[in-house]
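See below for the structure under consideration.
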Amino acid sequence: MKVKQLVTWGGITLGALGVGIVGLAIKSLLPQRFLTDDWVEGKPGLPLDTTNCPEVEVSFLRCGSISIPEFVATRGAFTLAPRVLAYSAVLIRHPQALFLYDTGLSADIYTYMVDQTLFFRKTLGNFQFERSLGSHLEERGVERSDLDFALLSHLHWDHVSGIPDIPGALLRINRVEYEAAKLGLLDMGNGLVRRLMGDNPVEFFDCAGPTYEGFRSSLDLFGDGSIVLVPLPGHTAGNTGMFINRSNGPRLFLLGDAAWVSQNYLRPATMHPFIWSRVTSDDATARQTLIDLHNYALRHPEIPLIAMHDAALQEQFMQSEQRLQAVGRGE
Ligand SMILES: [Zn+2]
134 MKVKQLVTWG
144 GITLGALGVG
154 IVGLAIKSLL
164 PQRFLTDDWV
174 EGKPGLPLDT
184 TNCPEVEVSF
194 LRCGSISIPE
204 FVATRGAFTL
214 APRVLAYSAV
224 LIRHPQALFL
234 YDTGLSADIY
244 TYMVDQTLFF
254 RKTLGNFQFE
264 RSLGSHLEER
274 GVERSDLDFA
284 LLSHLHWDHV
294 SGIPDIPGAL
304 LRINRVEYEA
314 AKLGLLDMGN
324 GLVRRLMGDN
334 PVEFFDCAGP
344 TYEGFRSSLD
354 LFGDGSIVLV
364 PLPGHTAGNT
374 GMFINRSNGP
384 RLFLLGDAAW
394 VSQNYLRPAT
404 MHPFIWSRVT
414 SDDATARQTL
424 IDLHNYALRH
434 PEIPLIAMHD
444 AALQEQFMQS
454 EQRLQAVGRG
464 E
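The sequence shown begins at 134 in our numbering and counts up one residue at a time.
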């Protein structure tokens, strides 16, 4: 092959490759087809009678945030409008226990991050610190010893990062999640997750109870039907959702990281595939979970489905919750 031919051939190949890459990039922004057609016709579900449920107080404790373009949070959203992702814990006051769902961020979080790669710190490990879990608890007059346990939706670093602020607190973890994490997640990034979990005692739970509102199995945490855990796998093997059924306010469904923002289950749509593929342990299972949530949200418009990074829904919930609690106090 003559040099001229070679150059031309190389140019064509590179050109084709370029078109291919651009094509792939454009495709990654387009909506992905979800087989939800069979589900959409579902009738509204019967609202659960919660008059006999206990009073449960729920507070989102936002510890940090990051703003990302909408099209990154929701595949197929053609907008650069910013979407705020929160890093939060949830404080739950139930007659039988005072506990956390996830843990937000500790005051010491940056000291745990110094040895992480620059790539990690600039991408998935990037956030704006706002307020530590410890300071949130202090403001509410909650001592470490008042906390009965912290239940973790899953074991990604950003959900265990508040644990250094509650040393000694019992961690309750889905056995499926822990077994899967032992195969790699616990030791990633110089054992970041393991180090954040510290020496806190761990207790495993199993969602081995009956199906619950269309979800495959459940665990009724206190045996009174008020706090019901359901598996929402795919993001990680044991990502665990939590229904809160109470007499003093609307029911609530916490999703862990089964979605990032409500658009993920409303459309449904994953995050941008670049991020989705990095944070999702099982693509097909995670998309099935999004379909299940899509279906559930359609049948139960009265229940807020709140993902642990969904800053907008968390703020909205806290505003209505504060009004509710003020009414409860007779203000
Ligand atoms: Zn997360």
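Where a beta carbon is used, it is the ideal one built from N, C-alpha and C, also for glycine.
Please read all numbers here as calculations on a predicted model, not as lab measurements.
At least one heavy atom of ligand 1 lies less than 7 Å from the C-beta of residue 441. At least 8 Å separates the beta-carbon of residue 264 from that of residue 340. The stretch 186-238 is shown to contain whole alpha helix (DSSP H) runs of 4 or more residues at 203-206, in chain order. Between the stretch 331-348 and the stretch 292-311 there are three or more inter-stretch CB-CB distances shorter than 8 Å, so the stretches are counted as touching. Looking at the DSSP output, residue 374 bridges to 363.
Residue 355: not part of any alpha helix (DSSP H); DSSP gives it neither H nor E.
In this structure the stretch 349-362 does not touch the stretch 401-415; the number of beta carbon pairs closer than 8 Å is below three.
At a cut-off of 7 Å, the beta-carbon of residue 289 counts as near ligand 1: some heavy atom of the ligand is closer than that. By the C-beta density criterion, residue 278 is exposed, having fewer than 16 other C-beta atoms within 10 angstroms. In the three-state reduction of the DSSP assignment, residue 306 falls in the strand class. Ligand 1 never approaches residue 427 closely enough for any of its heavy atoms to be under 7 Å from the residue's Cβ. A distance of 8 Å or more separates the beta carbons of residue 205 and residue 377. The three-state secondary structure of residue 263, taken from DSSP, is coil. Proximity of the beta carbon of residue 332 to ligand 1 is not indicated: no heavy atom of the ligand is located closer than 7 Å. Beta bridge pairing from DSSP links residue 335 with 304. Beyond the five residues adjoining it in sequence on each side, residue 451 comes within less than 8 Å, by CB distance, of 192, 193 in the same chain, given in chain order.
A check of alpha carbon separations from residue 319 across 270, 219, 290 identifies 290 as the nearest. Ranked by Cα distance from residue 315, the first of 440, 287, 396, 251 is 287. For residue 415, the shortest C-beta to heavy atom distance toward ligand 1 is 7 Å or greater.
Proximity to residue 187 across 229, 202, 434, 463 peaks at 229, based on C-alpha coordinates. Assignment of residue 424 by DSSP, reduced to helix, strand and coil, places it in the helix class. Straight-line spacing of the CA atoms in residue 203 and residue 269 works out to 29 Å. Less than 8 Å divides the Cβ of residue 232 from the Cβ of residue 283. Inter-segment contact for the stretch 420-434 and the stretch 393-403 is present: three or more beta-carbon pairs are separated by less than 8 Å. Residue 445: member of the alpha helix (DSSP H) spanning 444-461, first to last residue. Here the alpha carbons of residue 384 and residue 361 stand approximately 11 Å from one another.
Assigned with DSSP and collapsed to three states, residue 167 falls in coil, not helix or strand. Below 8 Å, too few C-beta pairs join the stretch 444-462 and the stretch 293-302 to call them touching: fewer than three.
Nearest neighbour of residue 417 by Cα position, chosen from 464, 167, 437, turns out to be 167. With respect to the 8 Å criterion, residue 346 and residue 180 are not classified as neighbours on the basis of their beta carbons. The straight-line gap separating the alpha-carbon atoms of residue 358 and residue 433 is approximately 18 Å.
Remark: C-beta atoms of residue 382 and residue 280 do not approach each other more closely than 8 Å.
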